[in-house]
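2 protein chains.
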Amino acid sequence: MNSTTTFDTPLALRHAIRERRWTGYTNHIAPHHVQGNLMIVPAAYADAFAAFCAANAQALPLLARSEPGVPFMPALGADLDLRTDVGGYMVFRDGELSSTPESITDIWRDDLVAFVLGCSFSFETLLRNHGVRLRHLDEGNVSAMYVTSLQTEACEPFKGPLVVSMRALSPADAIRATLVSSRHTMFHGAPVHIGLPQLIGIEDLSQSYGGHGLTTLREDELPVFWACGATAQLAAMHARLPFCITHYKAHMVVTDLRIEELAASA
Amino acid sequence: MNSTTTFDTPLALRHAIRERRWTGYTNHIAPHHVQGNLMIVPAAYADAFAAFCAANAQALPLLARSEPGVPFMPALGADLDLRTDVGGYMVFRDGELSSTPESITDIWRDDLVAFVLGCSFSFETLLRNHGVRLRHLDEGNVSAMYVTSLQTEACEPFKGPLVVSMRALSPADAIRATLVSSRHTMFHGAPVHIGLPQLIGIEDLSQSYGGHGLTTLREDELPVFWACGATAQLAAMHARLPFCITHYKAHMVVTDLRIEELAASA
């Protein structure tokens, strides 16, 4: 497996992930299909989490919600098993990271409800189609994330800061990306900030959330920030949920939905 | 006359300008009506200038063109006399500024063709309607203009650099203003640049074209740049036209067209 690896279908990719034949970031590997953030919470918290998503829809656009105990989402993907088809998981207990397993089959429970939320990886294809240069992709990287001083709208017990993703863009591309992304509310819509990260509580771009992603700026680039689904992770930690599971960084749920089709229908 | 002066109609304002009862900038005084840049050229150059406008429509959106020798534009305003109803004029001979009269009645000629081009003053009302704070208006000032290193598309003899107007905006307002202005191509559409003026040849914001307008930035503001109708002035100077006339800085043609109506129809 290397950077030239491709899969004929999202299903083939999910099977490769399930069988650990693909363990990398998903942003490069499925450029034409919608990807999503995963959040799995006990049923007792599911309605509150759904309300939190609705109240913060720019960060947390809901693509699908499962029935309690059902780890499948046929509307999003054929033979999609949320317990095995994501490249990595983070398990939180009482708000603390407890483990990062490769599969959650052995800890799945009948009371768990899964949510899949839109992800900015999906609009990157649309940006590129409009001529926006995404240097982090050119460099084989992912976009960096940051915790901001902006606050979400709370839906108890969910609350906490807005997390954003950052892309380093030329000024002309920043304008183009603003216009293109604004039309795609299922993928976070327009940027929430541009150019002056210290105003939203980001003091040092090199210190990204999770420690990964492209964090450098060239002299001819501006940092452009979009609301990010990782906001859900922070909210679950702030809520100190007894138990929840999310995807591991930049290893997303890859669906069968085509980006252009969802974009056109939204 | 002071900053609280208002006029019931654009016609009343034009009569006040004609009679020198109003001599100030027009950006504050007619916030609901479309304003335009004025360019008057000999008929021999009119088609070339129209082609130049069409080739550079973001800077030079054509609102109206007169017949040779006709200084009236009834489609833009009742009793609108372009020889007297603009607060100031600049007369160029062989590409050099020759005089800045208060009226051009005595130099009007039967071969002159007038063009009125969209102006960013018109979208400022729309920006404010969407909650964008325009500090230069709050401070009783106008937006500053700059000559850039970006080049227009030439239509001989017209060519030369793109001129831009700058507004100092908060990052959130810069995003909002980008989205709102992009929908109004008759008023220059989306910004052409944001944030890094040296990339478009602007080394010093304090040195604005014409020497007027708000040129300072606060720490929490970004400079946002739109294509500007003053591009026509520079092009006429570069063309070394034997004779042409434009409006004097920030003294625009005030029309009877309502901004919201033109915006909705475009």
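Protein chains in written order, with our numbering: chain A, 1 to 266; chain B, 1001 to 1266. Quick reminder that beta carbons are idealized off the backbone N, C-alpha and C, glycines included.
Checklist entry - Does the Cβ of R1083 (chain B) have 16 or more other Cβ atoms within 10 Å, making it buried, or fewer, making it exposed? => result buried
Checklist entry - chain A beta carbons: is any one of them nearer than 9 Å to that of I1104 (chain B)? => result no
Next on the checklist: Suppose the cutoff is 7 Å on Cβ atoms and the five residues either side in sequence are ignored; what does the same chain contact list for P1101 (chain B) look like?
Outcome noted: Y1089, V1091
Next on the checklist: Taking DSSP's pairing of strands, which residues face S1267 (chain B) in a bridge?
Outcome noted: Limits of chain B in this structure are 1001 at one end and 1266 at the other, which puts residue 1267 (chain B) out of reach.
Checklist entry - By Cβ distance, which residues of its chain are closer than 7 Å to V147 (chain A), with the 5 residues on each side in sequence left out? => result P161, V163, Y209, L234
Next on the checklist: What does the Cβ neighbour count give for S99 (chain A), buried or exposed, with the cut at 16 atoms within 10 Å?
Outcome noted: exposed
Next on the checklist: Strictly by DSSP, which residues pair up with S1143 (chain B)?
Outcome noted: B:L1214
Checklist entry - Checking contacts by CB at 9 Å: is T178 (chain A) closer than that to chain B? => result yes
Next on the checklist: What would DSSP say about V1180 (chain B), mapped onto helix, strand or coil?
Outcome noted: helix
Next on the checklist: Quick check: the segment 1123-1140 of chain B against the segment 1045-1061 of chain B, are at least 3 beta-carbon pairs closer than 8 Å?
Outcome noted: no
Item to check | Extent of the continuous alpha helix (DSSP H) to which M1237 (chain B) belongs | outcome: 1231-1238
Checklist entry - For the beta strand (DSSP E) that C1244 (chain B) lies in, which residues bound it at each end? => result 1244-1247
Checklist entry - With distances taken from CA atoms, which of B:H1028, B:H1184, B:T1255, B:Q1035 is nearest D1138 (chain B)? => result B:H1028
Item to check | Residues within the segment 209-229 of chain A neighbouring chain B, beta-carbon criterion of under 7 Å | outcome: D220, L222
Checklist entry - R1020 (chain B) to Q151 (chain A), Cα distance in whole Å? => result 53 Å
Item to check | Alpha-carbon spacing of T1185 (chain B) relative to L1038 (chain B), whole angstroms | outcome: 18 Å
Item to check | Neighbour flag for A154 (chain A) against chain B, beta carbons, 9 Å | outcome: no
Checklist entry - Taking a cut of 8 Å between CB atoms, which residues from the segment 1049-1070 of chain B lie near chain A? => result none
Item to check | Beta-carbon contacts of M237 (chain A) that lie in its chain and below 6 Å, excluding the five residues immediately before and after | outcome: G95
Item to check | Integer-rounded CB distance, given that A1043 (chain B) should sit under 8 Å from P1071 (chain B) | outcome: Between A1043 (chain B) and P1071 (chain B) the Cβ distance is about 13 Å, and since that is not below 8 Å, they are no contact.
Item to check | Whole-angstrom distance between R133 (chain A) and L196 (chain A), CA atom to CA atom | outcome: 20 Å
Item to check | Of the residues A:G211, A:A12, A:I175, A:D106, the one placed nearest F225 (chain A), counting alpha carbons only | outcome: A:I175
Checklist entry - What does A1190 (chain B) touch in chain A if you count any residue whose Cβ is under 7 Å from its own? => result I175, L179
Checklist entry - Do you know whose CA, among B:V1192, B:L1262, B:L1013, lies nearest D1081 (chain B)'s CA? => result B:L1013
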